[in-house]
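Line order of the protein sequences matches chains A and B.
Quick note on the numbering used here: the first sequence kicks off at 4 and runs consecutively.
Quick note on the numbering used here: the second sequence kicks off at 4 and runs consecutively.
The beta carbon of each residue, even a glycine, is placed where N, CA and C say it ideally should be.
Protein chains: 2
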Amino acid sequence: MNAKLKAVVLLSGGMDSCVTAAMARETHEIAMVHASYGQRTEVRERRAFKEIADFYGVRERLVVRLEHFSQIGGSALTDTRIAVPERAQPFDFAQGMHAAPLRGEQAAVGSAIPVTYVPFRNAHFLSVAVSWAEVIGARAVFIGAVEEDSSGYPDCRAEYYRAFQQVVREGTRPETQIEIVTPVIAMRKSEIVRRGISLAAPLHLTWSCYQFGEEACGACESCVLRLRAFAEAGAKDSIVYRALARPR
Amino acid sequence: MNAKLKAVVLLSGGMDSCVTAAMARETHEIAMVHASYGQRTEVRERRAFKEIADFYGVRERLVVRLEHFSQIGGSALTDTRIAVPERAQPFDFAQGMHAAPLRGEQAAVGSAIPVTYVPFRNAHFLSVAVSWAEVIGARAVFIGAVEEDSSGYPDCRAEYYRAFQQVVREGTRPETQIEIVTPVIAMRKSEIVRRGISLAAPLHLTWSCYQFGEEACGACESCVLRLRAFAEAGAKDSIVYRALARPR
């Protein structure tokens with residue numbers, strides 16, 4: 004029997020990290036870590052994590068709560084005084100996608116970065132995953148960051164992960180070897196949906212909405228990107244959207 | 004009036020970070036951050052932080068608690084099942100220093116890294132400091148890591164901080180400029196003591212012991228390094244040591 008090496012998968016509970024987990028399973032025995040950070044949809048995302056981890060029968064799990072993001076603030080996701088932007092009209096299910104480009108349109112004044120950017124967030128997530136990986140002897144950390152089709156967050160770009168890899172090399176025990184793997188970073192969201200479907204990933208258990216907890220809003224940037232991805236992939240998104248429930 | 008730029012200082016409450024703060028004040032308006040991580044001497048270190056911040060009249064403060072280190076474990080500092088090593092005999096106050104070299108002597112099996120190494124710890128601290136710095140508009144993060152005279156921790160070396168600087172450059176807003184500054188990294192501990200004295204830093208308020216909370220043990224690696232530093236600097240360490248209180 005050829006035992007697989009162990010990998011830690013950062014699973015937010017969203018679509019990208021779910022497909023990342025599906026891809027990691029092909030080559031590694033997976034352990035899963037989830038980090039809450041006081042974001043609006045924290046409870047719902049934690050449920051998505053649990054359901055996906057159950058789906059894959061993952062035994063080694065770590066769920067952490069990074070309270071300090073609420074203290075630090077500075078993002079619409081963690082600071083209730085900053086509103087999560089909505090599009091003037093929710094996603095047009097008839098048309099299938101929005102006409103206007105999304106990237107940067109909800110940027111803070113003087114910045115091309117959206118107000119939903121959580122300052123330096125992914126460094127915290129990676130730090131948790133790498134510390135745990137070093138303790139449990141995992142040889143890789145998978146993270147579902149997406150560059151091209153994402154929202155312009157600086158910590159979703161390939162250069163960022165290359166730089167972090169160097170920090171891992173320098174900052175762990177000499178005998179530790181942990182590779183940072185970003186398998187979906189160069190994919191379009193629609194390609195991620197297709198890959199998820201081809202790997203039978205449980206996309207129906209994932210959660211993307213920035214705004215609410217039980218039904219997705221269908222109007223925040225994350226919902227819009229997701230819906231557009233399913234539309235482009237010619238697939239049906241089976242989670243429930245509040246916008247769909249409204250009389251049109 | 005020439006307003007100073009703002010800097011975030013990571014202040015553990017130990018000697019190195021206290022002297023780092025004293026140096027940062029020379030050039031910057033300082034904000035102070037302290038991170039507890041379930042270490043044995045957490046409460047005592049938090050008190051040292053408060054007293055040093057009060058001493059310097061620092062208004063902007065952030066105290067965070069990183070609960071997940073206790074979940075992750077893997078270090079004598081955060082996992083009570085792993086003992087903090089003591090030297091066979093405590094520091095010899097008559098002789099002034101230990102004869103044997105300290106570096107690596109308490110290493111885990113198969114590793115040159117001491118069991119007090121907390122896996123990838125400083126990445127968590129830096130991440131907190133950088134996120135906060137980005138929100139409050141600070142232009143530098145000061146951290147009191149010491150390479151040469153330290154315990155062989157991988158995340159106390161200059162290369163590590165150079166690598167992290169690149170992560171900060173890649174992972175924050177394009178308009179954000181935060182420099183990682185390690186002013187004591189190349190100093191010997193005795194030089195740090197001397198510098199602290201020359202800057203009138205409140206060394207009497209600092210705390211270094213890994214083991215206990217009210218009196219320093221005088222026997223753990225951190226105490227021994229501190230006592231040796233004061234001895235070499237020809238200065239008196241005015242904190243209370245348990246070993247000194249014993250009849251000899």
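Kindly indicate which three-state DSSP category residue i falls into: helix, strand or coil?
i: methionine 190 of chain B; result: coil
i: valine 11 of chain B; result: strand
i: proline 117 of chain A; result: strand
i: valine 87 of chain B; result: coil
i: alanine 143 of chain B; result: strand
i: arginine 165 of chain B; result: helix
i: threonine 23 of chain A; result: helix
i: arginine 176 of chain B; result: coil
i: aspartate 82 of chain B; result: coil
i: valine 255 of chain B; result: Because chain B is modelled from 4 through 251, residue 255 of chain B falls outside the range shown and cannot be assessed.
i: arginine 28 of chain A; result: helix
i: proline 104 of chain A; result: Here the model assigns proline 104 of chain A a pLDDT of 41, short of 50, so the residue's position is not dependable and the matter cannot be decided.
Span of the beta strand (DSSP E) holding residue i?
i: valine 36 of chain A; result: 32-39
i: isoleucine 183 of chain A; result: 182-184
i: valine 149 of chain B; result: Unbroken run through valine 149 of chain B: none, as it is neither H nor E.
i: arginine 3 of chain A; result: This structure leaves residue 3 of chain A out entirely; chain A is present only between 4 and 251.
Quick test of your reading: residue i and residue j, contact by CB under 8 Å. State the CB separation rounded to the nearest angstrom.
i: threonine 185 of chain A; j: tyrosine 156 of chain A; result: The pair is not a contact, with the Cβ atoms about 13 Å apart (cut-off 8 Å).
i: glutamate 137 of chain B; j: proline 117 of chain A; result: No, glutamate 137 of chain B and proline 117 of chain A are not in contact; Cβ-Cβ is about 15 Å, not under 8 Å.
i: glutamate 63 of chain B; j: alanine 27 of chain B; result: The Cβ separation is near 13 Å, so there is no contact.
i: alanine 132 of chain B; j: valine 144 of chain B; result: 4 Å
i: tyrosine 244 of chain A; j: threonine 119 of chain A; result: Not quite, the Cβ-Cβ distance comes to about 19 Å (not below 8 Å), so this is no contact.
i: valine 170 of chain B; j: alanine 115 of chain A; result: Not a contact, Cβ separation roughly 20 Å.
i: valine 11 of chain B; j: alanine 141 of chain B; result: 5 Å
i: serine 130 of chain A; j: serine 130 of chain B; result: 6 Å
i: glycine 221 of chain A; j: leucine 228 of chain A; result: That pair is no contact at about 12 Å.
Closer than 6 Å by C-beta to residue i: which residues in its own chain qualify, once you throw out the five before and the five after it? Chain order, please.
i: glutamate 32 of chain A; result: Lys7 and Lys9
i: glycine 76 of chain A; result: Asp82
i: glutamine 168 of chain B; result: Ile183
i: leucine 65 of chain B; result: Val36 and Trp135
i: phenylalanine 128 of chain A; result: Leu13 and Ala38
i: methionine 190 of chain B; result: none
i: arginine 47 of chain A; result: Trp210 and Gly216
i: leucine 202 of chain A; result: Ala25
i: threonine 179 of chain B; result: Glu137
Spatial neighbours of residue i within its chain, please: C-beta separation below 8 Å, excluding the five flanking residues on both sides.
i: phenylalanine 58 of chain B; result: Pro205 and Leu208
i: threonine 200 of chain B; result: The residue asked about is misnamed: residue 200 of chain B is isoleucine in this sequence, not threonine. Leu206, Ala236 and Ala238, listed in sequence order.
i: isoleucine 181 of chain A; result: Val133, Ala136, Glu137, Ala141, Arg142, Ala143, Val144, Val171 and Thr175
i: cysteine 159 of chain A; result: Asn125, Ala148, Val149, Glu150, Ser153 and Ile188
i: arginine 49 of chain A; result: Gly16, His37, Ser39 and Val66
What residues in its chain sit with their C-beta under 7 Å from that of residue i, if we drop five residues either side in the sequence?
i: serine 193 of chain B; result: Ala232, Glu235 and Ala236
i: alanine 51 of chain B; result: Gly16, Leu208, Thr209 and Trp210
i: arginine 68 of chain A; result: Ser39
i: isoleucine 242 of chain A; result: His207 and Ala219
i: glutamate 45 of chain B; result: Ser39
i: alanine 86 of chain A; result: Ala79
i: arginine 197 of chain B; result: Ala236
i: aspartate 19 of chain B; result: Gly147, Val149, Val187 and Ile195
i: serine 225 of chain B; result: Ser211, Cys212 and Tyr213
i: glutamate 54 of chain A; result: Leu208
Comparing the CB of residue i with every heavy atom of the ligand ADP, is any distance shorter than 7 Å?
i: valine 131 of chain A; result: Although the ligand ADP was asked about, the structure shown includes no ligands whatsoever.
Residue i lies in the alpha helix (DSSP H); which residues open and close that run?
i: leucine 3 of chain B; result: Here chain B covers residues 4 to 251 and nothing more, so residue 3 of chain B does not appear.
i: aspartate 57 of chain B; result: 45-58
i: glutamine 74 of chain A; result: 71-75
- Within the stretch 191-244 of chain B, ranges of the alpha helix (DSSP H) (whole runs, at least 4 residues): 192-201 and 224-236
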